[in-house]
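Engineer: 461 is the number that our numbering gives to position 194 of the sequence shown; each next residue is one higher, with no gaps.
Below are the C-alpha cells for one structure; questions will follow.
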Amino acid sequence: MRHLRLDVVTIFPEYLEPLRHALLGKAIEQGILSVGVHDLRGWATDVHKSVDDTPYGGGPGMVMKPEVWGPALDDVAAGTAPGQELTTSLPHVDKPRHDDLAGVDGGAAESGEDPDLPLLLVPTPAGTPFTQADAQEWAKEEHIVFACGRYEGIDQRVVADAANRYRVREVSIGDYVLIGGEVAVLVIAEAIVRLIPGVLGNRRSHEEDSFSDGLLEGPSYTKPRSWRGLDVPEVLFSGNHAKVDRWRRDQALLRTQAVRPELLDTAVLDAADRKVLGRE
Ligand code: ADE
C-alpha cells in the first residue's frame with residue numbers, strides 16, 4: 268500500500284490541527300498518511316527564541332532567519348526532527364500506523380534533480396500557481412515537507428540551500444496574500460491526499476473533478492425531484508447513459524465558457540463540443 272509522509276515546519280503548529288479531521292484523519296487511521304508538525308522555534312538559538320529579523324536594504328516587515336530554518340530543514344529531511352505526530356481525530360481509532368513506507372512508482376524526475384530526495388514545498392504568493400496537475404503529480408510522492416513562512420517571507424538563501432537535500436518548489440495557491448503559509452498547506456495537502464488511491468471511496472469521483480479534463484464540473488442534483496418549485500432536469504431521468512453523459516459534458520462546457528473562458532483555450536474539444544459552445 269502506498270504511504271505519504273507529510274512534515275510541516277511552522278511557528279503556529281496549532282494551525283495544522285485540521286489535518287487530523289475528516290478525510291485526512293481517515294487516511295491517517297488507514298495508514299495511508301502520516302503527518303508530523305514541527306515548531307520552528309525549537310531551532311531558535313537565542314533566549315528570546317526569535318525566528319525573524321529586519322530586512323537588509325530596509326523596508327517593512329521582518330524576514331525569517333536562515334540560521335533557524337537551515338537546521339530545521341536539515342533535521343526534517345534526515346527524519347531526526349522532534350515534533351508532534353498528528354493522530355486521527357476519529358473517535359474509534361487506537362493508533363495510526365506510520366511505519367510502512369511503501370515504495371512509490373518513481374514520481375516525475377524533473378531535469379537534473381535526484382528523484383529520491385524529498386519534495387520541499389514552500390508556500391508563497393510569489394510562487395508558481397498550484398494546480399490540479401501538481402496535486403496529481405504530488406499524490407505519488409512518499410515524503411513531502413512544507414516550510415511555512417510568515418511575515419515578509421524566508422531569507423531566500425534557505426530555499427537555495429535546501430536544494431541540496433530536497434527537490435524544492437515555491438508555490439502559490441492564488442493571487443491574494445495570506446498572513447502565512449499554513450492555510451496554503453492545508454489547501455495543498457487536502458488536494459493531494461484525496462487523490463491517493465484508497466482515500467476516496469469512489470475512484471470515478473476524482474476522474475470527473477473540475478479541472479481533471481480542463482473543464483469546470485456542471486451542476487449536480489439529488490432527491491427530491493421537485494423542490495420549492497424547482498425541478499431536476501428531465502434528461503437525468505431518461506436512463507440513457509450516453510444522453511446523460513452528453514448533457515453533463517454540455518453543462519461543463521457552458522459553465523466553463525461563462526465563468527472561466529480561458530480554460531477552453533487548452534481543453535480538448537471535439538466537433539460536438541464546439542457546436543454546443545457556438546464555436547462552429
Ligand atoms: N502565503 C501567503 N500568501 C500565500 C498564497 N497566496 N499562496 C501560498 N502561500 C502564501
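Even for Gly, the Cβ is constructed at its ideal location relative to N, Cα and C.
Measuring CB to CB, does residue 304 end up less than 8 Å from residue 350?
Structural biologist: In contact: residue 304 and residue 350 (Cβ atoms closer than 8 Å).
Engineer: DSSP three-state label for residue 330, please.
Structural biologist: Looking at residue 330 - three-state DSSP - the assignment turns out to be strand.
Engineer: Just the C-alpha distance for residue 387 and residue 462, rounded to the nearest angstrom, thanks.
Structural biologist: Each residue's alpha carbon lies about 19 Å from the other.
Engineer: For residue 410, collect the residues of the same chain with a Cβ closer than 6 Å to its Cβ; drop the 5 residues on either side in sequence, then sort them by chain order.
Structural biologist: Closer than 6 Å at the Cβ level, and outside the excluded window around residue 410, lie 272 and 385.
Engineer: Of all the beta strand (DSSP E) runs that stay within the bounds of the segment 275 to 314, which reach a length of 3 or more residues?
Structural biologist: Here the runs fully enclosed are 300 to 306.
Engineer: Looking only at its own chain, which residues have a Cβ that is under 8 Å from the Cβ of residue 526, when we skip the five neighbours before and after it?
Structural biologist: Correct list, in chain order: 483.
Engineer: Give the C-beta separation of residue 433 and residue 412 to the nearest angstrom, bearing in mind that I take them to be a contact with Cβ-Cβ under 8 Å.
Structural biologist: Right, their Cβ atoms sit about 7 Å apart.
Engineer: Residue 318 and residue 390 - do their beta-carbons sit closer together than 8 Å?
Structural biologist: Taking 8 Å as the Cβ cut-off, residue 390 and residue 318 do not qualify as a contacting pair.
Engineer: Straight-line CA distance for residue 539 to residue 497?
Structural biologist: Each residue's alpha carbon lies about 29 Å from the other.
Engineer: Straight-line CA distance for residue 458 to residue 452?
Structural biologist: Cα to Cα, residue 458 sits roughly 10 Å from residue 452.
Engineer: Can you find at least 3 beta carbon pairs, one from the segment 473 to 492 and one from the segment 297 to 316, that sit closer than 8 Å?
Structural biologist: Verdict: no, contact absent.
Engineer: To the nearest angstrom, how far is the alpha carbon of residue 336 from that of residue 543?
Structural biologist: Approximately 53 Å, taken between the alpha carbons.
Engineer: Residues in the same chain with beta-carbon distance under 8 Å from residue 446, minus the five sequence neighbours each way, listed in chain order, please.
Structural biologist: Closer than 8 Å at the Cβ level, and outside the excluded window around residue 446, lie 417.
Engineer: For the segment 449 to 530, which segments carrying the alpha helix (DSSP H) assignment without a break, of at least 4 residues, lie completely within its bounds, in sequence order?
Structural biologist: The qualifying runs are 449 to 460, 471 to 474 and 508 to 526.
Engineer: By DSSP, does residue 340 sit in helix, in strand, or in coil?
Structural biologist: Reduced to three states, the DSSP call for residue 340 is helix.
Engineer: For residue 444, does the count of other Cβ atoms within 10 angstroms reach 16, so buried, or fall short, so exposed?
Structural biologist: So residue 444 ends up on the exposed side.
Engineer: Give the C-beta separation of residue 238 and residue 302 to the nearest angstrom, bearing in mind that I take them to be a contact with Cβ-Cβ under 8 Å.
Structural biologist: The structure shown does not extend to residue 238, since the chain is modelled only from 268 to 547, so the question has no answer here.
Engineer: Residue 534 and residue 481 - do their beta-carbons sit closer together than 8 Å?
Structural biologist: In this structure, residue 534 lies closer than 8 Å to residue 481 by Cβ.
Engineer: Report the three-state DSSP secondary structure of residue 412 (helix, strand or coil).
Structural biologist: Strand, per DSSP.
Engineer: Compute the minimum distance between the beta carbon of residue 300 and the heavy atoms of ligand 2, and state whether it is under 7 Å.
Structural biologist: Absent from the structure shown: ligand 2. Ligands present: ligand 1.
Engineer: Quick one: is residue 282 buried, meaning 16 or more other Cβ sit within 10 Å of its Cβ, or exposed?
Structural biologist: Buried is the call here.
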